[in-house]
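Line by line, the protein sequences give chains X and H.
Taking numbering that gives the first Met the number 0, the leading residue of the first sequence gets 0, the next gets one more, and so forth.
Taking numbering that gives the first Met the number 0, the leading residue of the second sequence gets 0, the next gets one more, and so forth.
For each residue, glycine too, the CB sits at the ideal point set by N, CA and C.
Since we're looking at a predicted model, the values are computed, not measured.
The next block holds one structure in the form of C-alpha cells; read it before the comments.
There are 2 protein chains.
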Amino acid sequence: MVNKKKSKRVSLKDIAEKVGVSTALVSYVLNGQEKEKRVGEKLVTEIRAALKEMNYVPNHIARSLRNGKTQTIGFIVTDIANPFFSTMARCVEDEASKYGYTVIIGSSDENCEKSKRLVNTLLNRQVDGFIIVPADGCYDYAVTLANDEVPMVMVDRYIPDLTSSYIVLENFKASFDAVQYLIKKGYKNIGMLAYKTSLIHMKERIRGYEEAVRLNGLEKNLYNIRYGFLKSDIHKALQSLDGSSKNKIDALFFATNTLSIAGLYQIRQMNLKVPQDIALIGFDGNEAFDFFYSPLTYVKQPVYEMGKEAVRILIEQIDGSKKISHISLPPQLVLRDSC
Amino acid sequence: MVNKKKSKRVSLKDIAEKVGVSTALVSYVLNGQEKEKRVGEKLVTEIRAALKEMNYVPNHIARSLRNGKTQTIGFIVTDIANPFFSTMARCVEDEASKYGYTVIIGSSDENCEKSKRLVNTLLNRQVDGFIIVPADGCYDYAVTLANDEVPMVMVDRYIPDLTSSYIVLENFKASFDAVQYLIKKGYKNIGMLAYKTSLIHMKERIRGYEEAVRLNGLEKNLYNIRYGFLKSDIHKALQSLDGSSKNKIDALFFATNTLSIAGLYQIRQMNLKVPQDIALIGFDGNEAFDFFYSPLTYVKQPVYEMGKEAVRILIEQIDGSKKISHISLPPQLVLRDSC
DNA sequence: TTTTTTTCGTGAAACGATTAAGCTTATATT
DNA sequence: AATATAAGCTTAATCGTTTCACGAAAAAAA
Numbered sequence: 000m001v002n003k004k005k006s007k008r009v010s011l012k013d014i015a016e017k018v019g020v021s022t023a024l025v026s027y028v029l030n031g032q033e034k035e036k037r038v039g040e041k042l043v044t045e046i047r048a049a050l051k052e053m054n055y056v057p058n059h060i061a062r063s064l065r066n067g068k069t070q071t072i073g074f075i076v077t078d079i080a081n082p083f084f085s086t087m088a089r090c091v092e093d094e095a096s097k098y099g100y101t102v103i104i105g106s107s108d109e110n111c112e113k114s115k116r117l118v119n120t121l122l123n124r125q126v127d128g129f130i131i132v133p134a135d136g137c138y139d140y141a142v143t144l145a146n147d148e149v150p151m152v153m154v155d156r157y158i159p160d161l162t163s164s165y166i167v168l169e170n171f172k173a174s175f176d177a178v179q180y181l182i183k184k185g186y187k188n189i190g191m192l193a194y195k196t197s198l199i200h201m202k203e204r205i206r207g208y209e210e211a212v213r214l215n216g217l218e219k220n221l222y223n224i225r226y227g228f229l230k231s232d233i234h235k236a237l238q239s240l241d242g243s244s245k246n247k248i249d250a251l252f253f254a255t256n257t258l259s260i261a262g263l264y265q266i267r268q269m270n271l272k273v274p275q276d277i278a279l280i281g282f283d284g285n286e287a288f289d290f291f292y293s294p295l296t297y298v299k300q301p302v303y304e305m306g307k308e309a310v311r312i313l314i315e316q317i318d319g320s321k322k323i324s325h326i327s328l329p330p331q332l333v334l335r336d337s338c
Numbered sequence: 000m001v002n003k004k005k006s007k008r009v010s011l012k013d014i015a016e017k018v019g020v021s022t023a024l025v026s027y028v029l030n031g032q033e034k035e036k037r038v039g040e041k042l043v044t045e046i047r048a049a050l051k052e053m054n055y056v057p058n059h060i061a062r063s064l065r066n067g068k069t070q071t072i073g074f075i076v077t078d079i080a081n082p083f084f085s086t087m088a089r090c091v092e093d094e095a096s097k098y099g100y101t102v103i104i105g106s107s108d109e110n111c112e113k114s115k116r117l118v119n120t121l122l123n124r125q126v127d128g129f130i131i132v133p134a135d136g137c138y139d140y141a142v143t144l145a146n147d148e149v150p151m152v153m154v155d156r157y158i159p160d161l162t163s164s165y166i167v168l169e170n171f172k173a174s175f176d177a178v179q180y181l182i183k184k185g186y187k188n189i190g191m192l193a194y195k196t197s198l199i200h201m202k203e204r205i206r207g208y209e210e211a212v213r214l215n216g217l218e219k220n221l222y223n224i225r226y227g228f229l230k231s232d233i234h235k236a237l238q239s240l241d242g243s244s245k246n247k248i249d250a251l252f253f254a255t256n257t258l259s260i261a262g263l264y265q266i267r268q269m270n271l272k273v274p275q276d277i278a279l280i281g282f283d284g285n286e287a288f289d290f291f292y293s294p295l296t297y298v299k300q301p302v303y304e305m306g307k308e309a310v311r312i313l314i315e316q317i318d319g320s321k322k323i324s325h326i327s328l329p330p331q332l333v334l335r336d337s338c
C-alpha cells in the first residue's frame with residue numbers, strides 16, 4: 000500500500016508545456032484529428048508519448064461545458080427497487096456504456112412533483128437525453144421536453160398525444176392472449192386486477208382483457224385498484240371471490256408485477272386453491288411466481304430488448320436523428336401450473 | 000401543446016445585462032452572499048426579480064468545473080438487478096437527493112476489470128465520492144482511491160487492510176444467531192451454502208456458522224460455491240443431501256440472497272420436504288421466500304439504514320471530515336416455517 | 001526571382017460560473 | 001479640511017477543453 004499523495008490531475012496544458020506546443024495541438028491529437036488538422040508526424044508521436052507518460056485523462060466536465068454534451072442519459076422510472084425496472088436499468092446501463100454513455104437513474108414514485116423535480120435536476124446536469132417511464136397523469140414535463148426537442152424515449156408506457164419515441168409491450172395482445180388462453184382452458188368467469196389510471200399501457204391491457212371476454216360472450220369482472228392502497232383495495236376487490244358472492248369468478252388475471260405479488264399474498268391468505276378454486280395469470284415474471292405453490296403462469300416481457308432498444312433509439316436521437324420510433328415488442332405467455 | 004422553439008438557456012450574463020450590473024453581483028445574490036459581499040438592497044431585489052422572471056437555472060456543469068465539485072456520488076454495486084442492491088440503491092438515491100446530490104449507479108459483476116473501468120469512468124466524471132461494494136479480490140483500485148483521499152465508504156463488505164469507512168452487517172452475529180437457532184430447534188447436522196471467496200463478509204458469515212457448530216460439538220458441513228457456476232455447483236453441493244450419503248444433513252443455512260433462491264430451486268427439484276427432510280434459513284429476504292411452500296425463515300438486513308448511513312458518512316467526508324467510520328448493523332432473524 | 005499554395009503551428013475566444021483584488025464614491029474620524 | 005474607513009460595484013482571472021481565425025515557413029508554381 001504505497002502512500003502516494005493526492006496529486007493534481009494533469010491537464011492538456013501540462014502536456015502542451017511538456018512537449019512545448021500549444022494546447023490546440025494536443026487536443027487535436029487527443030481527438031484523433033491529427034490528419035484533418037495536419038499535425039506533424041513527429042509531434043504526433045511526441046504528444047502521444049507525453050499523454051501516455053503523464054497518464055492523462057480528459058476532464059469530462061470541462062469537455063461537457065465546452066461541447067454542451069455530457070455523454071450522460073437520465074433514466075426515470077417509477078421505482079428502481081421494482082425488479083422490472085432494476086432489470087431494465089441493468090440493460091440500459093450495459094448498453095449505454097457500450098456507447099460511452101453513463102446513466103443516472105431516478106425514481107418518481109408515480110408522482111408528478113417528483114417526476115418534475117427529477118427531470119429538472121437532470122436537465123440542470125445537462126443529460127443528453129432521457130429514457131422515461133412517464134408517471135400517471137404527468138404530461139406537462141414530457142410535453143415540455145418534447146417541445147424543447149430534448150431527446151427522449153418513453154418505455155413501458157407512452158403518452159398518446161405526444162409524438163415522441165417509445166418502446167413498449169404489445170399490451171393489448173399480451174392480455175388478450177392471456178385471457179384467451181384462460182378461456183380455452185375452460186374458465187368462464189374471468190376477472191382482472193388492474194390499476195385505475197389513465198396510463199395507456201394499463202388501458203391497453205384492460206382493453207385486451209375486455210375484448211377477449213366480449214368475443215367469447217363471457218361476463219366482465221374488472222377490479223380497478225388505486226395506487227397506494229394496495230392491500231385494502233385488493234382485499235376489497237377479491238372479496239367477491241368469496242363463495243358467498245353470486246358473481247363468483249374462476250380465474251384472475253393480474254395486470255402487473257406488483258399487482259400479481261400483492262394478489263398472491265391475498266389469495267394465500269384467503270386459502271383459495273389454485274387453480275381449482277381460482278386460476279391465475281401473472282405479469283412480468285418474478286422468482287416469487289416460481290415458488291408460489293402452484294407456479295404461476297405469466298406474461299413475460301422482453302425487458303432486456305426494451306432497455307437495449309431504448310438506448311439505441313435515444314442515442315440515435317442524441318446524434319441528431321429526427322426519426323421517431325414507435326416500437327411494440329411481443330409478449331410471451333409462460334405456461335405453468337396456475338391455470 | 001404549445002410549440003415553443005428550443006431556446007438557449009439564460010446565463011448569469013444574461014441576467015447581469017438585463018439588470019445592468021456585473022455577473023459578480025448576480026452570482027453573489029444567487030448564492031445568498033448579498034450580505035457578506037454588501038450588495039445594495041435595491042439591486043438585490045432587482046436581481047432576484049430578474050432571476051425569477053427570466054427563469055434562470057444555474058448551469059451545473061460550469062459550476063462543477065469552477066468548484067471542482069459535482070454534487071454527484073458514484074454507487075458501485077455488483078449487480079443493480081439484484082433486489083438487495085436495487086433496494087439499497089433506492090435508499091441511497093432518496094437520501095442523497097435530500098443533500099442535493101445525484102447518484103450514478105454502476106454494476107461490477109464481481110469483476111475486477113469492470114470495477115476498475117467503472118471507478119475510472121466515474122472519476123473522470125468527477126464524482127465527489129463513492130459508495131462501493133468492493134468486488135472479490137479487487138483491492139488495488141480501492142487502495143488507490145483511499146490513497147488519493149477520494150471520499151468513499153464501502154457497504155455490504157469491506158477490505159480489511161484498508162482504513163476507509165465502511166458500513167456492514169454484523170455478519171458473524173447474523174449467521175451465529177441463525178445457526179444457534181437451528182441448534183436450539185434440535186437440528187444436529189447443519190450445513191451452510193456459501194461463496195468461495197476472500198471477501199470478508201462471507202468469511203465472517205462462515206466463521207459465525209463454524210463457531211456456532213463448534214461450540215455445540217456438532218459436525219461441520221460447509222459447501223463452498225464458486226461464482227458463476229451456481230446451478231451445477233449447487234447441485235453437487237446438495238448431493239450429499241440425498242439419503243444415500245452417510246453425511247446426511249438436516250438443516251441448511253444459505254449465506255446470501257442469490258444462494259438462497261438458487262438453493263430453493265434445487266431443493267424443490269430434489270423433492271425434499273421442508274422442514275421435515277431439511278430445515279432452511281435464508282439470507283436477505285425476498286418475496287420468493289414468502290411463497291416457498293414452507294415460508295423461509297431468514298436473516299434480515301437493515302438495508303434501508305445501510306443506504307442512509309452510507310450517504311450520510313460519505314457526505315460528511317466530502318465536506319471535509321477526516322473521521323473514519325466503521326459501522327456494523329445488527330441483523331434480525333425473521334422466524335417462519337422453514338425450521 | 002517572385003508569387004501562390006500548402007503545411008504546420010499558435011493565439012485566443014468561447015462554454016458559464018465563482019471570487020480575489022481593485023476601484024469609486026460616500027461616510028466617519030481626527 | 002485632511003485622512004481613514006466603509007459601502008457598493010466592476011474587472012478579470014480561473015476551471016480544462018475545443019476550435020476558429022490567423023501567421024510563418026516551406027514547397028510549388030509562375
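In this structure, does DSSP put residue i in helix, strand or coil?
i	result
Met87 (chain H)	helix
Ser343 (chain X)	Look at the range of chain X in this structure, 0 to 338, and you will see that residue 343 (chain X) is not part of it.
Ile46 (chain H)	helix
Val298 (chain H)	strand
Thr257 (chain H)	helix
Met153 (chain H)	strand
Val20 (chain X)	coil
Pro82 (chain H)	helix
Phe291 (chain H)	coil
Ile314 (chain H)	helix
Less than 8 Å between the C-beta atoms of residue i and residue j, yes or no?
i	j	result
Thr162 (chain X)	Ile103 (chain H)	no
Ile60 (chain H)	Gln125 (chain X)	yes
Val178 (chain H)	Val152 (chain H)	no
Tyr208 (chain H)	Met201 (chain H)	no
Ser107 (chain H)	Ile130 (chain H)	no
Glu112 (chain X)	Asp135 (chain X)	no
Ser85 (chain H)	Ser85 (chain X)	yes
Rounding to the nearest angstrom, what Cα-Cα distance links residue i and residue j in this structure?
i	j	result
Leu334 (chain X)	Val298 (chain X)	9 Å
Phe253 (chain H)	Tyr186 (chain H)	15 Å
Val142 (chain H)	Glu94 (chain X)	29 Å
Glu218 (chain H)	Gln268 (chain X)	39 Å
Gly39 (chain X)	Leu29 (chain X)	14 Å
Lys4 (chain H)	Tyr140 (chain X)	Bear in mind that a pLDDT of 46 at Lys4 (chain H), under 50, signals an unreliable position, so the number given afterwards is only what the model happens to contain. Using only the alpha carbons, I get a separation of about 15 Å.
Arg116 (chain X)	Asp318 (chain X)	26 Å
Cys338 (chain H)	Gly67 (chain X)	59 Å
Ser259 (chain X)	Phe282 (chain X)	7 Å
Gly284 (chain X)	Glu308 (chain X)	20 Å
Phe175 (chain H)	Tyr264 (chain H)	25 Å
Leu221 (chain X)	Met305 (chain H)	41 Å
Glu210 (chain H)	Phe288 (chain H)	26 Å
Cys90 (chain H)	Val18 (chain X)	48 Å
Ser10 (chain X)	Val25 (chain X)	10 Å
Lys172 (chain X)	Met191 (chain X)	15 Å
Phe83 (chain H)	Ala88 (chain X)	15 Å
Tyr138 (chain H)	Ile280 (chain X)	47 Å
Arg8 (chain X)	Thr120 (chain H)	15 Å
Val1 (chain H)	Tyr157 (chain X)	Residue confidence is low: Val1 (chain H) scores 40 on pLDDT, short of 50, so the model does not pin down where it sits. Its coordinate-derived value is still stated next. About 19 Å.
His234 (chain X)	Asn270 (chain X)	13 Å
Tell me, which residues are paired with residue i by DSSP?
i	result
Gln275 (chain X)	BP columns for Gln275 (chain X) are empty, so no partner.
Leu251 (chain H)	H:Gly190, H:Leu279
Val325 (chain X)	The question names Val, but residue 325 (chain X) in the sequence shown is His. In DSSP, His325 (chain X) forms a bridge with X:Tyr165.
Asn54 (chain H)	Bridge partners of Asn54 (chain H): none, in fact.
Leu332 (chain H)	H:Val298
Gly73 (chain X)	X:Ile103, X:Phe129
Can you check the region 91-130 of chain X for any beta strand (DSSP E) of at least 3 residues that lies completely inside it and give the ranges in chain order? Counting only runs of 3+ residues, the beta strand (DSSP E) found wholly inside the region 91-130 of chain X occupies 101-106, in chain order.
Runs of beta strand (DSSP E) lying entirely within the region 198-232 of chain H, each at least 3 residues, in chain order: Secondary structure remark: continuous beta strand (DSSP E) runs of at least 3 residues inside the region 198-232 of chain H, in chain order: 220-224.
Along the chain, which unbroken stretches of the beta strand (DSSP E) at least 3 residues long are found entirely within the region 127-151 of chain H? List check, beta strand (DSSP E) in window: 128-131.
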